[in-house]
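Enquirer: Here it is, the structure, as structure tokens.
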Amino acid sequence: MPVFFSHPSSLEHDTGPGHPERVARIQAIDAELQRHDWFGYERRDAPRPTPDQLLAVHPQDYIDAVRETSARAGAFDLDTPTSEGSWEAALRAAGGACALAETLLGGGERVGFSALRPPGHHADRDRAMGFCLLATVSIAARHALDSLGAERVLVVDWDVHHGNGTNAIFHESPEVLFTSLHQYPFYPGTGPLSDVGRGAGEGYSINLPVPAGAGEDLFCGLVEHVVLPAARAYDPDLVLVSAGFDAHRDDPVGGCALESSSFAELTRQLLTLDKPVGCVLEGGYDLDALATSTALTMEALVVGGEPAAHPRGGLVDAAAERVGRYWDLGSTS
Ligand SMILES: [Zn+2]
Numbered sequence: 028m029p030v031f032f033s034h035p036s037s038l039e040h041d042t043g044p045g046h047p048e049r050v051a052r053i054q055a056i057d058a059e060l061q062r063h064d065w066f067g068y069e070r071r072d073a074p075r076p077t078p079d080q081l082l083a084v085h086p087q088d089y090i091d092a093v094r095e096t097s098a099r100a101g102a103f104d105l106d107t108p109t110s111e112g113s114w115e116a117a118l119r120a121a122g123g124a125c126a127l128a129e130t131l132l133g134g135g136e137r138v139g140f141s142a143l144r145p146p147g148h149h150a151d152r153d154r155a156m157g158f159c160l161l162a163t164v165s166i167a168a169r170h171a172l173d174s175l176g177a178e179r180v181l182v183v184d185w186d187v188h189h190g191n192g193t194n195a196i197f198h199e200s201p202e203v204l205f206t207s208l209h210q211y212p213f214y215p216g217t218g219p220l221s222d223v224g225r226g227a228g229e230g231y232s233i234n235l236p237v238p239a240g241a242g243e244d245l246f247c248g249l250v251e252h253v254v255l256p257a258a259r260a261y262d263p264d265l266v267l268v269s270a271g272f273d274a275h276r277d278d279p280v281g282g283c284a285l286e287s288s289s290f291a292e293l294t295r296q297l298l299t300l301d302k303p304v305g306c307v308l309e310g311g312y313d314l315d316a317l318a319t320s321t322a323l324t325m326e327a328l329v330v331g332g333e334p335a336a337h338p339r340g341g342l343v344d345a346a347a348e349r350v351g352r353y354w355d356l357g358s359t360s
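Below is the structure:
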């Protein structure tokens with residue numbers, strides 16, 4: 028049975044009136060999944076992470092700062108306020124992702140979803156930003172590598188924003204192949220095609236910027252012709268998806284044009300790798316789009332199916348040329 032992690036603490040992270048990253052996001056997802064009886068997923072409460080799981084990514088003084096800032100309901104920046112419940116919510120979000128990795132690498136389950144907030148992919152080792160407090164997916168990837176026997180983890184970040192935190196945390200490491208599709212130029216300003224990682228991690232960051240207005244053809248074309256061939260060559264033990272849904276055409280924050288069904292297609296594409304796939308919620312700020320996209324992603328994780336063939340084109344060719352310097356992407360036209 029596939030697994031679904033959540034926790035009531037996600038409802039206690041109060042970002043204040045008018046903030047797009049709000050409690051109602053989780054409520055919208057829950058209501059939609061209830062209509063589908065969670066597609067048969069086994070629902071589990073996200074645990075807290077262990078101190079070691081956090082310390083593998085964040086220094087102690089930063090962890091203390093997140094806890095203390097939350098205790099006094101302070102803000103890290105205008106985008107990133109906290110409330111008294113934020114610390115527990117952030118802990119459970121990180122713990123849910125770690126538990127998801129454990130489930131997927133423990134044999135048996137091949138797919139799962141961790142749907143908690145706040146998101147995490149903008150958080151760097153020692154910096155909260157962009158609605159993110161703890162680097163949830165990085166913590167889970169590190170846990171998989173340190174304690175679960177994984178040697179290589181593929182992160183696919185399809186949130187409309189560049190996952191600068193994950194990118195930075197593994198920038199010099201070949202243990203994680205970080206791939207990100209994101210609107211560019213856009214917040215947070217990082218993630219050009221030329222950022223391929225550095226040192227021992229050179230080639231292990233695949234940044235795939237797309238222009239505003241990009242839709243399914245471009246997103247899925249990049250995945251089919253760049254991400255999947257590189258991922259096959261990398262041969263990961265685990266795939267973690269930074270599953271933001273703010274590249275949806277209805278999203279009020281992002282400027283891309285995916286449909287809800289596009290996320291199911293992206294999911295089917297990743298399943299062709301025949302590796303365990305765990306999705307971790309990041310952004311997504313139109314409640315209906317978020318809920319339907321999450322539901323269709325979860326359904327695709329269990330139903331699978333053949334993805335369609337997607338076109339190449341200039342942007343895909345340019346990306347393939349750059350990434351092809353490091354990875355054998357197979358035949359290029
Ligand atoms: Zn985002």
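Using the numbering used here, the letters of the sequence shown map in sequence onto residues 28 to 360.
The C-beta atom is built at its ideal place from N, Cα and C for all residues, glycine as well.
Report yes if the CB atom of Gly340 is closer than 9 Å to the CB atom of Asp244, and no otherwise.
Expert: Walking along the sequence shown from the start, residue 340 turns up at place 313. Walking along the sequence shown from the start, residue 244 turns up at place 217. Yes.
Enquirer: Can you give me the start and stop residues for the alpha helix (DSSP H) that His170 sits inside?
Expert: As a working mapping, residue 170 is identified with position 143 in the sequence shown. Unbroken alpha helix (DSSP H) run through His170: Thr163 to Ser174.
Enquirer: Which one or two residues does DSSP pair with Gly305 in a beta bridge?
Expert: Mapped onto the sequence shown, residue 305 falls at position 278. Note: Gly305 sits in a beta bridge opposite Gly139 and Leu267.
Enquirer: Measuring straight from C-alpha to C-alpha, what distance separates Glu129 and Ala171?
Expert: Taking the sequence shown and counting its residues from 1, the one referred to as residue 129 is at position 102. Taking the sequence shown and counting its residues from 1, the one referred to as residue 171 is at position 144. Each residue's Cα considered, the two are about 7 Å apart.
Enquirer: Val183: beta carbon under 8 Å from a heavy atom of ligand 1?
Expert: Translated into the one-based positions of the sequence shown, residue 183 becomes position 156. No, since every heavy atom of ligand 1 falls outside the 8 Å radius drawn around the Cβ of Val183.
Enquirer: According to DSSP, is Ser33 helix, strand or coil?
Expert: Along the sequence shown, read from residue 1 onward, the residue named residue 33 stands at position 6. Three-state result, Ser33: strand.
Enquirer: Give me, in chain order, the residues of the same chain whose beta-carbon lies closer than 8 Å to that of Pro219; leave out the 5 immediate sequence neighbours on both sides.
Expert: Mapped onto the sequence shown, residue 219 falls at position 192. Counting only Cβ-Cβ distances below 8 Å, and skipping sequence neighbours, we find Tyr211, Asn234 and Pro236.
Enquirer: Please identify the residue among Ile90, Asp79, Phe140 and Arg295 whose C-alpha is closest to the C-alpha of Gly67.
Expert: Counting from 1 along the sequence shown, the entry for residue 67 is found at position 40. Of Ile90, Asp79, Phe140 and Arg295, the residue nearest in Cα terms is Phe140.
Enquirer: Tell me the DSSP secondary structure of Arg179 in three-state form.
Expert: As a working note, residue 179 is residue 152 in the sequence shown. In this structure, Arg179 counts as coil in the three-state DSSP scheme.
Enquirer: Just how far apart, CA to CA, sit Ser360 and His34?
Expert: Reading the sequence shown from its first residue, position 333 is the one you call residue 360. Reading the sequence shown from its first residue, position 7 is the one you call residue 34. Below a pLDDT of 50, predicted positions are generally treated as unreliable, and Ser360, at 47, falls in that range; no measurement from the model is reported.
Enquirer: Is the beta carbon of Val203 sitting closer than 9 Å to the one on Val183?
Expert: Along the sequence shown, one-based indexing puts residue 203 at 176. Along the sequence shown, one-based indexing puts residue 183 at 156. No. Outside cutoff.
Enquirer: By the three-class DSSP mapping on this structure, what secondary structure does Cys283 have?
Expert: The sequence position of residue 283 within the sequence shown is 256, counting from 1. In this structure, Cys283 counts as coil in the three-state DSSP scheme.
Enquirer: In angstroms with no decimal places, state the Cα-to-Cα distance between Val14 and Ser207.
Expert: What the structure shows of the chain is the stretch from 28 to 360, and residue 14 is not part of that stretch, so it cannot be assessed.
Enquirer: State buried or exposed for Val266, treating a residue as buried only when at least 16 other CB atoms are found within 10 Å of its CB.
Expert: The residue labelled residue 266 in the question sits at position 239 within the sequence shown. When all chains shown are included, Val266 counts as buried.
Enquirer: When the distance is taken between beta carbons, is Pro108 closer than 9 Å to Ala100?
Expert: The residue given as residue 100 occupies position 73 in the sequence shown. The residue given as residue 108 occupies position 81 in the sequence shown. The answer is yes: Cβ separation under 9 Å.
Enquirer: When every heavy atom of ligand 1 is checked, does at least one fall within less than 8 Å of the C-beta of Asp273?
Expert: Here residue 273 is taken as the residue at index 246 of the sequence shown, counted from 1. Checking the Cβ of Asp273 against ligand 1 gives yes.
Enquirer: Looking at the secondary structure, which residues open and close the beta strand (DSSP E) in which Leu422 lies?
Expert: Here the chain has residues from 28 to 360 only, and residue 422 is not among them.
Enquirer: When DSSP labels each residue in this structure, what does Leu105 get in the three-state scheme?
Expert: Translated into positions along the sequence shown, residue 105 becomes position 78. Here Leu105 sits in coil by DSSP.
Enquirer: Go ahead and pull the three-state DSSP assignment for His275.
Expert: Position 248 of the sequence shown, counted from the first residue, corresponds to residue 275. If DSSP states are grouped into helix, strand and coil, His275 belongs with the strands.
Enquirer: When you compare each of Ile166, Thr217, Pro201 and Gly332 to Pro263 by their alpha carbons, which one comes out closest?
Expert: For this step, residue 263 is matched to residue 236 along the sequence shown. Nearest option by C-alpha distance: Pro201.
Enquirer: Is the beta carbon of Gly310 within less than 8 Å of some heavy atom of ligand 1?
Expert: In the sequence shown, the residue the question calls residue 310 occupies position 283. Because some heavy atom of ligand 1 lies under 8 Å away, the Cβ of Gly310 counts as near it: yes.
Enquirer: Can you tell which of Val84, Glu333 and Gly248 has its C-alpha closest to the C-alpha of Gly147?
Expert: Taking the first residue of the sequence shown as position 1, residue 147 is located at position 120. Comparing Cα-Cα distances from Gly147 to each of Val84, Glu333 and Gly248, the minimum goes to Val84.
Enquirer: Between the C-alpha atoms of Ala167 and Cys125, what's the straight-line distance to the nearest angstrom?
Expert: Start at 1 with the first residue of the sequence shown, and residue 167 comes out as number 140. Start at 1 with the first residue of the sequence shown, and residue 125 comes out as number 98. Approximately 4 Å, taken between the alpha carbons.
Enquirer: According to DSSP, is Phe197 part of a helix, a strand, or is it coil?
Expert: As a working mapping, residue 197 is identified with position 170 in the sequence shown. Coil, per DSSP.
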